[in-house]
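Quick notes on the structure that follows.
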Amino acid sequence: MEAPNNRLKLEVGELEPKEVNVILNVLPFDLTFVGRDDRVKYFSGGRRIFSRPTSVLGKKVQDCHPKKSVHVVNRILDEFRAGKRDVAEFWIKMRERIVYIRYFAVRDAEKNYLGCLEVTQDITDIKQIEGEKRLLDWE
């Protein structure tokens, strides 16, 4: 739903489309949204862990994964669609990095399935955090 002056009215606040795009691209993780029809509708730009060519937009998500993992993709989507689960998560080692991959069922207020959001994040540095850091240490 668009607000006056080309602003997108959100549940809380309003943003210009340009602001939405920049915010999504500056997040410290990758986002990919797959609609209820299993087609890729969106992915964030910026620094991606798994590259995505724009040619995947509109394609079935199953066609964007290696054949050996399509059964896992289908199981996640089937469970989300049936309302049996809302989250699936994995973590893998890529070279010396640890990548955390989470899938979230996206539902409207009436709990209707709208699609799936994939969130991929390099958590290597996060896993190294210990203690506290309360002060800004810039010089």
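Residue numbering for the sequence shown is 2 to 140, as defined by this note's numbering. Ideal Cβ placement from N, Cα and C applies to all residues, glycine included. Nothing here was measured: the structure is a model prediction, and the numbers come from that model.
Rounded C-beta distance between residue i and residue j? I'm assuming under 8 Å.
{"i": "E90", "j": "I99", "result": "About 13 Å separates the two Cβ atoms, so there is no contact after all."}
{"i": "D61", "j": "D39", "result": "Inspection of the sequence shows that residue 61 is occupied by Lys rather than by Asp. Yes, they are in contact, since the Cβ atoms of K61 and D39 sit about 5 Å apart, within 8 Å."}
{"i": "Q63", "j": "V73", "result": "Between V73 and Q63 the Cβ distance is about 10 Å, and since that is not below 8 Å, they are no contact."}
In this structure, does DSSP put residue i in helix, strand or coil?
{"i": "K134", "result": "coil"}
{"i": "A4", "result": "Any reading at A4 must be qualified, since the residue scores a pLDDT of 48, below 50, and its modelled position is unreliable; the value itself is stated next. Reduced to three states, the DSSP call for A4 is strand."}
{"i": "V23", "result": "helix"}
{"i": "D87", "result": "coil"}
{"i": "K128", "result": "helix"}
{"i": "L115", "result": "strand"}
{"i": "L28", "result": "coil"}
{"i": "A110", "result": "coil"}
Taking residue i as the reference, which of the options has the closest Cα?
{"i": "S45", "options": "T55, H72, N26 and G59", "result": "N26"}
{"i": "F51", "options": "Q122, K128, F81 and E17", "result": "Q122"}
{"i": "D87", "options": "P29, R76 and I93", "result": "R76"}
{"i": "W92", "options": "V23, K112, F81 and E119", "result": "E119"}
{"i": "G47", "options": "N7, L32 and A110", "result": "L32"}
{"i": "K19", "options": "N7, L137 and F81", "result": "N7"}
{"i": "V107", "options": "K128, E12, L78 and V23", "result": "L78"}
Residue i bridges to which residues according to DSSP?
{"i": "D123", "result": "V100"}
{"i": "K10", "result": "E15"}
Subject >> Whole runs of the alpha helix (DSSP H) within the segment 35–82, excluding any shorter than 4 residues >> reply: 71–82
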